[in-house]
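Its first residue numbered 55, the sequence shown is counted upward by one per residue in my numbering. Input: a single structure, listed below in structure tokens.
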Amino acid sequence: GGAKGFFGGLAVALPAMYYANKRYPYYRSLPPSIKALGVVTFVVPSFVISAERAGRLFQRQQWTPRQEARAESEWDNLSLGQKVVDFTARHQYSVIAGCWALGITGAFATIMRDPRSLISKQVVQARMWSQGFTIGITIAA
């Protein structure tokens with residue numbers, strides 16, 4: 055899975071680099087280390103994502119129906135509070151990202167009510183409130 059993503063990333067990044075090198079003089083003037091960074095920033099994430107997907111597929115293939123039935127019956131026996139705790143434990147980063155989005159939206163909506171304040175100041179304040187909220191959620195997690 056990882057090799058597939060690695061070579062797929064190279065198959066996209068190297069022709070793009072070659073095209074940019076032929077087409078844009080500014081790109082030609084860049085040092086080779088920056089050009090390599092452009093390739094690496096495309097290849098490495100495609101490698102990691104592909105390897106992660108292959109690993110998850112392998113885990114799903116190893117999961118037997120009996121294990122699935124047992125897990126489902128355990129889930130059905132949990133209370134609502136236990137289900138919430140279990141869900142947030144399994145999807146921790148999604149919950150944190152959602153809280154950040156909710157925090158910045160709420161902070162921006164609240165701070166934008168002040169008509170005398172500059173927009174740039176309001177954006178910074180909303181970002182700071184959202185960061186504080188997200189740090190609090192992260193510590194609580």
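Heads up, the beta-carbon is just placed ideally off N, CA and C, and yes, glycines get one too. All figures in this text were calculated on a predicted structure; none of them were measured in a lab.
Delimiting residues of the alpha helix (DSSP H) encompassing residue i
i	result
residue 80	79-83
residue 118	Note, residue 118: premise wrong, no alpha helix (DSSP H); not H, not E.
residue 156	146-165
residue 195	Segment: none, residue 195 is in no alpha helix (DSSP H) and carries neither H nor E.
Pair within 8 Å by beta-carbon distance, residue i and residue j
i	j	result
residue 152	residue 183	no
residue 42	residue 63	Here the chain covers residues 55 to 195 and nothing more, so residue 42 does not appear.
residue 162	residue 143	no
residue 103	residue 160	no
residue 68	residue 93	yes
residue 90	residue 81	no
Integer-rounded CB distance, given that residue j should sit under 8 Å from residue i
i	j	result
residue 101	residue 56	5 Å
residue 134	residue 140	Contact doesn't hold; Cβ gap of about 11 Å is too wide.
residue 165	residue 176	5 Å
residue 150	residue 108	Wrong, their Cβ atoms sit about 26 Å apart, outside the cutoff.
residue 118	residue 154	About 37 Å separates the two Cβ atoms, so there is no contact after all.
Three-state secondary structure (DSSP) of residue i
i	result
residue 172	coil
residue 131	coil
residue 55	coil
Which runs of the beta strand (DSSP E) at least 3 residues long sit entirely within the segment 66-115? Give them in chain order.
Those beta strand (DSSP E) runs which fall completely within the segment 66-115 and span 3+ residues do not exist here.
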